[in-house]
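**Student:**
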Amino acid sequence: MSTEPIIRIEKVNKWYGQFQVLTDVDLTVRPGERIVICGPSGSGKSTLIRCINHLEKVQKGRIVVDGIDLTSHQRHNIEAVRREVGMVFQQFNLFPHLTVLQNCMLAPMNTRGTGESEARAAAMKYLERVRIPDQANKYPSQLSGGQQQRVAIARALCMNPKVMLFDEPTSALDPEMVKEVLDTMIGLAEDGMTMLCVTHEMGFARSVADRVIFMADGRILEEAPPQQFFAQPEHPKLQAFLGQIL
Ligand code: ADP
Ligand code: MG
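For the sequence shown, counting from 1, position 203 maps to 203 in UniProt numbering; every step adds exactly one.
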């Protein structure tokens, strides 16, 4: 396995108007690594994740994904990165007018030129992997939240991403559905997927993460393996944060 980083974020700074949302963020992710990002609401976690596939652009610093420099803002670089990066959002973002199967087939057919039968076969493979092949012909509104989120994961996997980004994938779910989504994510991690997950599910962080990152006020304040992160938090803001959520 290559030890070249798959994601390299160097001194990234970003503003929304006058408001600086990210300050000097540095982060390197190697292939196969599982990173969990946590921190108070408003600390810039979603913004950082969204910068990695250029849903947001940075004004200063560099983001390189699998050797492709996003900072140049060149259309073909952005498209190339988006083909390699799968994203799962808090609010599922499935297309309501398409069936589960159609949701999974759309991007491979439209952006990769994959043929219909091949796209269907891949979609069914990943729907089986997230254990809902029986829901393939339903519409999102006919599914539970946990099932919809598993469809969103399957849909991202259909693009054969090298990296999966998760932005609080269980935060919008009823409590009884959190486990089925976390179990799906654990399965992905066990298969060696490179993952960057914003989540406050600290059990997940403990069992899956190679490193846990704490963000506050647009900065990475601490970064450590889970054992150390939870047992010996150094920054007072992290200590306070852990005191609130654990
Ligand atoms: P988190 O995911 O950690 O809760 P966000 O990245 O969503 O944090 O937001 C960080 C800060 O940036 C918040 O103060 C938020 O209000 C602000 N913000 C987020 N998106 C925008 C935007 N599109 N325009 C202006 N401010 C924004
Ligand atoms: Mg967020």
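For each residue, glycine too, the CB sits at the ideal point set by N, CA and C. Quantities reported herein were computed from a predicted structural model and do not represent experimental measurements.
1. Do you know how far the Cα of R83 is from the Cα of I7?
2. Please identify the residue among V65, P133, G44, D26 whose C-alpha is closest to the C-alpha of Y16.
3. Within the continuous beta strand (DSSP E) that includes Q20, where are the two ends?
4. Give me the Cα-Cα distance between C38 and A172, rounded to the nearest whole angstrom.
5. Anything with a beta carbon under 5 angstroms from a heavy atom of ligand 1 counts; list them all in chain order.
6. Within a Cβ cutoff of 7 angstroms, which residues of the same chain sit near M87, ignoring the five residues on either side of it in sequence?
7. The beta strand (DSSP E) spanning R219 covers which residue range?
8. Confirm, please, whether the CB-CB distance from V36 to A209 is below 8 angstroms.
9. Is the beta carbon of D167 within less than 7 angstroms of some heavy atom of ligand 2?
10. Would you say V198 touches ligand 2, meaning its beta carbon is less than 7 angstroms from a heavy atom?
11. Identify whether A154 lies in helix, strand or coil by the three-state DSSP scheme.
12. Restricting to runs no shorter than 4 residues, where is the alpha helix (DSSP H) found entirely within the segment 130-181?
13. I believe C104 touches C158 by the beta-carbon criterion, under 8 angstroms. Please report the beta-carbon distance rounded to the nearest angstrom.
14. Have a look at F214 and E168 and give me their C-alpha separation to the nearest angstrom.
15. For residue 307, which residues does DSSP report across the bridge?
16. Provide the residue span of the alpha helix (DSSP H) that contains G61, from first to last.
17. Taking all protein chains shown into account, decide if D66 is buried (16 or more other Cβ within 10 angstroms of its Cβ) or exposed.
18. Output the distance between the C-alpha atoms of G32 and V81, rounded to the nearest integer angstrom.
19. What is the DSSP secondary structure of A209, counted as helix, strand or coil?
20. In whole angstroms, what is the alpha-carbon distance linking C51 and N77?
21. Going by beta carbon distance, what residues of the same chain come within less than 6 angstroms of K60, once the five residues before and after it are set aside?
22. How about the segment 129-141 and the segment 91-105: do they share at least three Cβ pairs that are nearer than 8 angstroms?
**Tutor:** In this structure, then:
1. For the purposes of this step, residue 7 is taken as the residue at position 7 of the sequence shown. For the purposes of this step, residue 83 is taken as the residue at position 83 of the sequence shown. For I7 and R83, the distance between alpha carbons rounds to 14 angstroms.
2. Working through the sequence shown from its first residue, we reach residue 16 at position 16. Closest by alpha carbon: G44.
3. Taking the sequence shown and counting its residues from 1, the one referred to as residue 20 is at position 20. Q20 -> beta strand (DSSP E) spans 19-29.
4. For the purposes of this step, residue 38 is taken as the residue at position 38 of the sequence shown. For the purposes of this step, residue 172 is taken as the residue at position 172 of the sequence shown. Whole-angstrom Cα-Cα distance: 16 angstroms.
5. Y16, V21, S41, G42, S43, G44, K45, S46, T47
6. If you number the sequence shown from 1, residue 87 lands on position 87. Hits under 7 angstroms: N53, A156, L165.
7. Taking the sequence shown and counting its residues from 1, the one referred to as residue 219 is at position 219. Residues 219-224.
8. Along the sequence shown, one-based indexing puts residue 209 at 209. Along the sequence shown, one-based indexing puts residue 36 at 36. Closer than 8 angstroms, so yes.
9. Here the question's residue 167 lines up with position 167 in the sequence shown. Answer for D167: yes, Cβ within range of ligand 2.
10. Within the sequence shown, residue 198 is the residue found at index 198, counting from 1. True, at least one ligand heavy atom lies under 7 angstroms from that Cβ.
11. Here residue 154 corresponds to residue number 154 of the sequence shown, with the count starting at 1. Correct three-state label for A154: helix.
12. 145-157
13. Indexing the sequence shown from 1 puts residue 104 at position 104. Indexing the sequence shown from 1 puts residue 158 at position 158. Right, their Cβ atoms sit about 5 angstroms apart.
14. Within the sequence shown, residue 214 is the residue found at index 214, counting from 1. Within the sequence shown, residue 168 is the residue found at index 168, counting from 1. F214 and E168: Cα-Cα distance of roughly 14 angstroms.
15. Residue 307 lies beyond the range of the chain shown here (1 to 246); nothing can be said about it.
16. Translated into the one-based positions of the sequence shown, residue 61 becomes position 61. That residue, G61, is in no alpha helix (DSSP H); its beta strand (DSSP E) goes 60-65.
17. The residue you call residue 66 lines up with position 66 of the sequence shown. That one is buried.
18. As a first step, residue 32 must be located in the sequence shown, where it is residue number 32. As a first step, residue 81 must be located in the sequence shown, where it is residue number 81. Cα to Cα, the separation comes out at about 17 angstroms.
19. Reading the sequence shown from its first residue, position 209 is the one you call residue 209. If DSSP states are grouped into helix, strand and coil, A209 belongs with coil.
20. On the sequence shown, position 51 is the one that residue 51 refers to. On the sequence shown, position 77 is the one that residue 77 refers to. For C51 and N77, the distance between alpha carbons rounds to 13 angstroms.
21. Position 60 of the sequence shown holds residue 60. Cβ within range, chain order: N13.
22. yes
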